[in-house]
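Everything on this sheet refers to the single structure shown next.
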Amino acid sequence: MDFSLSEEQTLLRNSVQSFLAGRYDFDTRYSTINSETGWRPELWREMAELGLLAAPFPEALGGIDGGPVETMLLMEEFGRYMVVEPYLETVVMAGGLLRDAGSEAQQEAHLPGIIGGDSVWAVAWAEPQGRYNPADIATTASASDGGYVLGGKKAVVEAAPWADKLIVSARSDGRRRESKGVSLFIVDKAAEGVNCRDFRTIDGRRASEITLKDVQVGPEALIGELNAGLPLLQRMLDEATAAICADAVGCMKALNEATKEYTTTRKQFGVPIASFQVLQHRMVDMFIATEQATSMAIKAALKLDAEDAERERAIAGAKVQIGQSARYVSQEAVQLHGGVGVTDELNVGHYFKRLTAIARRFGDEDYHLRRYARTG
Amino acid sequence: MDFSLSEEQTLLRNSVQSFLAGRYDFDTRYSTINSETGWRPELWREMAELGLLAAPFPEALGGIDGGPVETMLLMEEFGRYMVVEPYLETVVMAGGLLRDAGSEAQQEAHLPGIIGGDSVWAVAWAEPQGRYNPADIATTASASDGGYVLGGKKAVVEAAPWADKLIVSARSDGRRRESKGVSLFIVDKAAEGVNCRDFRTIDGRRASEITLKDVQVGPEALIGELNAGLPLLQRMLDEATAAICADAVGCMKALNEATKEYTTTRKQFGVPIASFQVLQHRMVDMFIATEQATSMAIKAALKLDAEDAERERAIAGAKVQIGQSARYVSQEAVQLHGGVGVTDELNVGHYFKRLTAIARRFGDEDYHLRRYARTG
Amino acid sequence: MDMRFSDADLAFRDEVRAFIADNFPPELKDRSLYSMTRDDLLAWQRICHEKKGWAAPNWPKEYGGTGWSAVQKYIWNEENARAGTTPTNAFGILMLGPVLCAFGNEQQKEYFLPRILTGEHWWCQGYSEPGAGSDLAGLKTRAVREGDHYIVNGHKIWTTLAQHADWMFCLVRTDPEAKKQRGISFLLIDMTTPGVTVRPIITMDGAHEVNEVFLENVKVPVENLVGQENDGWTYAKFLLGNERSGIAGVARSREAIRKLKLMAEQESVDGEPLLETPGFSRKLAELEIKLDALEMTELRTLAAESQGRGPGPESSILKIEGTEIQQRVTELALEAVGHYGLVFTPPGPEAEAPAIGPDYTRGVAQRYMNMRKTSIYGGSNEIQRNIIAKMVLGL
Amino acid sequence: MDMRFSDADLAFRDEVRAFIADNFPPELKDRSLYSMTRDDLLAWQRICHEKKGWAAPNWPKEYGGTGWSAVQKYIWNEENARAGTTPTNAFGILMLGPVLCAFGNEQQKEYFLPRILTGEHWWCQGYSEPGAGSDLAGLKTRAVREGDHYIVNGHKIWTTLAQHADWMFCLVRTDPEAKKQRGISFLLIDMTTPGVTVRPIITMDGAHEVNEVFLENVKVPVENLVGQENDGWTYAKFLLGNERSGIAGVARSREAIRKLKLMAEQESVDGEPLLETPGFSRKLAELEIKLDALEMTELRTLAAESQGRGPGPESSILKIEGTEIQQRVTELALEAVGHYGLVFTPPGPEAEAPAIGPDYTRGVAQRYMNMRKTSIYGGSNEIQRNIIAKMVLGL
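Chains as they are written, first to last, in our numbering: chain A, 198 to 573; chain B, 198 to 573; chain C, 59 to 453; chain D, 59 to 453.
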């Protein structure tokens with residue numbers, strides 16, 4: 198039993214820390230998220246050069262052989278700086294699917310682009326009627342011309358406005374919400390019939406509502422076996438969930454530091470407000486909530502390779518804990534900051550929004566509570 | 198709109214207050230609940246003489262024409278002093294059923310005994326398998342000899358050890374949990390086949406597990422119509438619920454006073470512990486919880502005569518609020534008292550137990566939350 | 059004890075309800091305050107004023123108010139909330155008006171009160187300062203008497219809708235030597251006076267609702283002093299008392315819950331309406347019970363007030379519970395809309411485009427963010443707890 | 059990063075598990091501590107001592123302890139909790155033993171340590187006083203040196219199981235002039251000394267678990283002073299540090315939840331097992347997740363400790379969260395048993411009679427009451443928050 202980092206992991210963390218410290222101050226981020234594009238492609242390329250986009254891939258595929266712990270380390274730092282670039286979508290989600298289930302041909306065709314920072318991906322798994330259930334899919338895939346034709350609607354596809362490639366889940370067989378019959382396809386965003394309505398998300402990122410109308414893909418677009426995509430999707434969503442749990446931990450730690458800094462500086466009634474015992478105890482509860490979230494985020498990462506039920510339970514438990522901690526810490530941080538806490542001019546409100554977004558990505562508290570109870 | 202008391206109501210409250218102030222100090226109560234019998238029949242007789250046992254009955258039946266507000270006033274004071282005598286069971290529950298649904302003959306036969314303090318009643322409505330659902334009845338009543346034969350098991354019948362009469366709910370028709378087919382019977386506790394196992398309750402009172410084996414009752418034992426007892430029972434349980442809500446309010450107010458008294462007297466680190474802001478805010482939250490409980494207890498009393506759905510919703514909402522407030526106030530009062538709060542030698546622990554008991558009588562939070570949601 | 063309204067009050071309620079139904083412009087219903095123009099915001103007040111003389115529910119009749127009883131004011135608020143009308147302009151009508159009625163001189167009353175009623179003057183409130191949040195008495199804005207004028211220098215913050223304002227009522231320090239709460243005066247400042255600068259503060263929901271107001275050598279005629287110099291704290295406290303009434307917002311929360319239920323009926327979880335899932339329905343029931351309790355507590359306060367016992371510091375309960383409920387409703391709405399809670403709709407042209415998800419998802423995330431302010435403003439909920447601890451519990 | 063135990067630790071776990079299975083007397087399983095006799099309470103310790111030399115998991119080997127690593131101690135605690143064995147006698151083994159090992163003189167070690175191991179001596183703790191709850195340093199019990207003795211006068215309270223005790227380790231004030239935490243000494247008092255009186259305190263669950271101890275001109279030989287006169291505070295802090303480890307009680311809570319689930323499977327709500335009702339299963343899941351998080355936090359602390367970083371003030375988290383979970387389990391159990399939560403089973407003969415309701419309902423209400431103490435003792439949870447605020451957050 199050992200929760201310390203290896204030398205390589207420490208190096209990785211240090212390098213991403215110093216990378217972000219120099220490039221991701223509040224003002225730079227602020228102007229980025231308010232710009233036309235909303236992200237920094239040039240920074241993405243620098244991240245590729247630094248090897249960050251290669252982290253979770255085996256050396257044989259051009260990666261650096263990192264695992265869930267490496268992803269956790271990176272995501273925590275991304276959380277701390279509220280990085281908007283699509284690491285989660287491109288590297289963890291799409292990259293993870295290709296790594297785990299892609300054919301050799303698919304890996305050869307696509308991983309170099311991801312690792313090299315040349316290609317941005319987004320995963321279109323959710324649908325308007327389906328809430329958080331990845332099996333609740335109305336998008337269809339029918340065999341056609343040796344390939345498939347896709348049709349349907351995908352909801353809130355994060356990072357899609359920046360992407361050139363999509364992975365789309367569709368029902369090739371079975372009824373809505375049935376486990377079998379889900380398949381995953383690689384779709385060129387520029388393909389005919391792909392229609393995106395782009396919008397901003399509350400945490401300063403971009404997403405799209407995507408309509409697919411008679412989108413033709415070739416047989417090489419299918420990831421894994423036909424009709425057997427749901428377990429792949431679920432496994433990948435769990436990995437993504439573990440990753441944003443670490444992201445949330447980074448946000449919460451930063452918020453706690455900001456709150457301490459503010460309350461020890463800000464004076465009212467002639468003394469720093471941190472001297473009020475009520476605020477002290479509330480900051481202690483914020484600290485405890487963050488520690489418990491940290492524990493569960495670590496557990497989630499370390500259980501990603503366990504068998505299905507154990508993995509699901511660890512992920513569900515972590516997401517519930519992170520949801521509760523994020524809610525408490527973000528609301529209290531704003532409250533303890535008072536008026537300035539609700540402005541757009543201070544990082545506190547931005548962390549608040551980021552944590553609010555994370556709390557509902559890949560399923561909210563209720564969704565994961567039910568999942569946890571089911572595996573109990 | 199007016200929440201002030203009438204002159205008569207004020208008089209009633211004053212009289213019960215001075216009655217209890219002189220007779221119900223902590224030590225007297227303590228030795229009573231630890232005595233063999235566990236209550237004070239002589240005090241009961243004094244309560245009768247004072248007219249308290251006549252409160253909720255019409256003048257025509259020998260009462261003083263009080264309504265839910267009078268019951269609320271009395272119960273709040275009983276709560277404040279943690280009165281163990283069976284006012285709720287005898288007067289509110291059994292008396293209320295006889296008043297609302299008893300035949301003239303039943304009223305003439307039994308109400309004078311109740312009002313005069315000569316007869317103590319208990320209502321056996323709950324069953325081991327039925328939890329809080331009064332329709333979940335396995336006890337049976339079959340026609341026999343012009344009357345009925347009862348058989349079954351009744352759970353935690355409060356005040357039964359002190360009672361000479363019981364009102365028993367039984368299924369005369371229909372399936373378990375069906376609304377129709379429940380009937381109510383007056384049963385002499387001394388009747389053959391009635392077997393009581395007596396025990397103490399956590400709040401210093403007494404109750405019995407009652408087994409009924411071939412208990413024969415006459416036709417005059419039936420209250421109301423055959424098979425139509427459930428609405429009567431439910432209405433009565435709502436009235437009883439409103440009454441213990443007021444009881445709980447009395448307990449909470451007393452606990453808040455005790456906590457204030459203790460924290461302003463007790464010194465630590467050289468100052469009264471009430472000067473610590475954390476404890477102040479927690480006492481404020483105890484105060485708010487008590488005020489909200491008070492509001493809902495009043496609403497419950499005032500809605501008892503509304504039509505069924507409105508009444509049920511008000512009662513269910515009140516019971517949920519009282520349950521939450523009682524839990525918070527009782528736990529915090531003990532915590533703020535520290536070690537002495539958990540001893541049997543101080544009233545705080547006794548209020549804690551009383552509130553704990555009230556929180557689950559006539560249905561706990563979950564039961565009433567479901568009921569509230571159903572009527573929404 | 060009786061929780062029903064009197065027949066006269068019920069008749070009044072019917073009159074109010076009918077008046078609203080007949081006169082409130084439907085296109086203004088439930089519009090977000092900060093996406094409305096100044097004229098939009100004033101439209102309903104003007105209709106009330108012109109048709110009924112009902113613009114100022116809390117002013118005495120002699121000054122053009124309604125002279126309503128506490129119960130009538132309550133009913134008015136309830137019915138407006140239920141119907142989703144534009145809220146009464148708080149600063150002119152609810153706050154300054156009563157102060158002028160009580161403490162203003164004749165010229166001030168004559169000049170300002172009618173202009174508040176017609177909406178000719180839009181008022182904003184210059185209380186908070188960057189250095190003094192809940193500690194209002196620590197304010198630093200200085201007013202120095204020079205002849206017929208005060209010269210005002212200072213910096214106000216959180217000034218709601220100051221971008222629309224013609225006038226600002228303002229707390230300034232006139233005696234820097236006096237102890238904290240003494241030496242403060244209550245000044246009326248024309249926003250067009252040279253030296254007054256308004257800077258928008260954008261809040262995290264993207265709204266321009268509050269501002270900073272910089273005052274640089276602003277010349278304010280002495281006749282714009284309300285009451286006595288250095289006695290401003292008295293008027294400020296009087297005003298804060300008024301601000302707190304109605305803060306429970308019971309009817310608005312009730313209405314918000316009704317809409318929340320409509321949303322939750324349309325959202326589904328694995329084919330079952332969200333509204334009927336045990337987790338959500340439980341949270342909803344808990345919230346409604348909290349609101350039921352608050353409503354009864356407010357009615358008890360109101361009944362006491364009707365009998366001449368003014369709303370005491372217990373009204374801090376209404377602030378605390380009321381704002382917690384308002385926040386909770388928006389939080390459950392955010393939960394209800396699922397993925398679409400991530401959609402950010404900035405104010406401006408995009409706000410008019412079709413919603414990204416179902417119509418009811420529009421602006422849900424923004425409302426959640428916006429409501430965070432409620433436990434901070436008007437005396438933070440921490441300050442309210444301090445008040446109860448001291449004034450009610452005597453700790 | 060790796061949350062798995064090493065192979066050696068896993069082998070140790072198997073050994074412990076087998077030893078417990080083979081040797082723990084089944085009739086003592088899960089018995090309530092305060093319905094057990096002194097011999098019952100010591101039985102398991104004696105078995106461990108005689109068969110394995112495992113009576114003192116936290117003593118160095120040279121004094122008859124096990125010399126186990128932090129992970130081994132953790133495993134030992136876990137396995138015992140899982141099996142429901144009688145908890146280790148806290149006062150002799152866990153508290154005093156390490157103090158004597160570290161600060162006692164040779165005679166004290168030689169005389170007392172073996173008698174603690176065999177259970178010949180039962181120890182109790184004389185720390186708390188009526189005037190000083192969480193403010194331990196305010197203690198008033200006086201010890202005045204007269205020749206070869208101290209004469210001790212004072213009043214101790216909350217003395218757990220003093221009714222069984224042969225000896226008490228006790229904090230006394232030896233220098234009344236010194237500042238609070240100086241001038242305190244650590245004395246060992248024979249409970250049979252004239253002037254020692256034990257008065258039971260009955261707690262609200264009806265149990266006789268704690269006592270008051272009155273000390274009236276008690277003559278204590280100077281050789282019963284531990285360490286240096288006036289340095290007792292050092293030893294007391296050392297001891298409190300030991301007391302806190304293991305306070306998370308994860309394995310015991312896990313076991314309690316397992317039993318709670320069995321109850322909730324048997325209880326039914328309108329025909330459905332309570333365990334499967336959405337309300338209850340939700341609360342249970344929330345509790346289990348809280349426990350999962352605490353377990354991980356404890357493992358992180360443990361891993362840090364194994365690498366030589368001692369458990370810092372962060373261990374206050376374990377106290378706070380651990381006790382809240384322990385309390386919550388008993389609260390849910392009380393909810394689970396429905397009406398039978400009203401049954402009070404006083405200690406004594408009645409406790410041996412058949413349960414009033416189903417067997418699993420026995421004592422459920424008492425456990426709920428009894429657990430209230432956990433957030434009060436061992437430094438109240440408020441004090442723990444103060445510690446974190448000061449020592450960890452630096453506020």
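Heads up, the beta-carbon is just placed ideally off N, CA and C, and yes, glycines get one too.
Here the structure is a predicted model, which is why all the values come from computation and not from measurement.
Within 7 Å of the CB of Phe473(B), the CB atoms of chain A belong to Gln474, in sequence order along the chain. C-alpha of Tyr121(C) to C-alpha of Leu171(C): approximately 7 Å in a straight line. Listed as beta-bridge partners of Glu330(D) by DSSP are Val327(D). Taken through DSSP and simplified to helix, strand or coil, Phe223(A) comes out as helix.
Straight across, the Cα-Cα distance linking Leu429(A) with Val320(A) is about 13 Å. Asp80(D) sits in a helix when the DSSP states are folded into three classes. Boundaries for Met226(D): no alpha helix (DSSP H) harbours it, while the beta strand (DSSP E) harbouring it runs Trp225 to Arg231, taken from the DSSP string. Taken in chain order, the members of the stretch 418–438 of chain D whose beta-carbon sits within less than 9 Å of a beta-carbon on chain B are Ala423, Gln424, Tyr426, Met427, Asn428, Arg430, Lys431, Ser433, Ile434, Tyr435 and Ser438.
Contact check for Ile375(C) against Thr355(C) passes: the beta carbons are separated by less than 8 Å. Under the Cβ criterion (8 Å, minimum of three pairs), the stretch 244–257 of chain A does not count as touching the stretch 319–339 of chain A.
Beta-bridge pairing by DSSP links Asn269(D) to Pro258(D). In the DSSP secondary-structure assignment, Thr337(B) is bridged to Gly348(B) and Arg368(B).
Under the DSSP assignment, Arg394(A) falls in the beta strand (DSSP E) whose first and last residues are Val391 to Thr398. A straight line joining the alpha-carbon of Ala447(C) with that of Gln521(B) spans about 21 Å.
Judged by pairs of C-beta atoms under 8 Å, the stretch 126–143 of chain C touches the stretch 360–367 of chain C, as three or more such pairs exist.
Per the coordinates, the alpha-carbon of Val539(A) lies some 40 Å from the alpha-carbon of Lys431(D). In summary, Lys237(D) is exposed, with fewer than 16 beta-carbon neighbours lying within 10 Å of its beta-carbon over all protein chains present. Residue nearest to Pro309(A) within the set Ile230(A), Ala360(A) and Ala245(A) is Ala245(A) (criterion: CA-CA distance). In this structure, the CA atom of Phe77(C) is about 37 Å from the CA atom of Ile485(B). Buried is the label assigned to Gln384(C), since at least 16 other Cβ atoms lie within 10 Å of its Cβ.
Assignment of beta-bridge partners to Trp241(B) by DSSP yields no partner. Within chain B, no C-beta atom comes nearer than 8 Å to that of Gln324(C); the closest sits roughly 17 Å away. Residue nearest to Met429(C) within the set Ile519(A), Gly535(A) and Arg567(A) is Gly535(A) (criterion: CA-CA distance).
Runs of the alpha helix (DSSP H) lying entirely within the stretch 372–411 of chain D, each at least 4 residues long, are 373–394 in chain order. Residue pairing of Asn211(D) in beta bridges, as defined by DSSP: Arg200(D). It is roughly 6 Å from the alpha-carbon of Ser339(B) to the alpha-carbon of Ser369(B).
Contact annotation: in the stretch 310–341 of chain B, residues whose CB is within less than 8 Å of a CB in chain D are Ala323, Pro325, Gln326, Arg328, Tyr329, Asn330 and Asp333. When C-beta distances to chain D are compared with 9 Å, every residue of the stretch 225–253 of chain C stays at or above that value.
Straight across, the Cα-Cα distance linking Met61(C) with Ala265(C) is about 40 Å. What Pro331(C) touches in chain D, judged by beta-carbon distance under 7 Å, is nothing: the nearest beta carbon there is about 15 Å away. Here Asp80(D) is exposed. Its C-beta has fewer than 16 other C-beta atoms within 10 Å.
Residue burial annotation: Asp333(B) is buried, with at least 16 other C-beta atoms found within 10 angstroms of its C-beta. Minimum Cα-Cα distance from Thr268(A) among the listed residues Thr438(A), Ala515(A) and Asp385(A) corresponds to Thr438(A).
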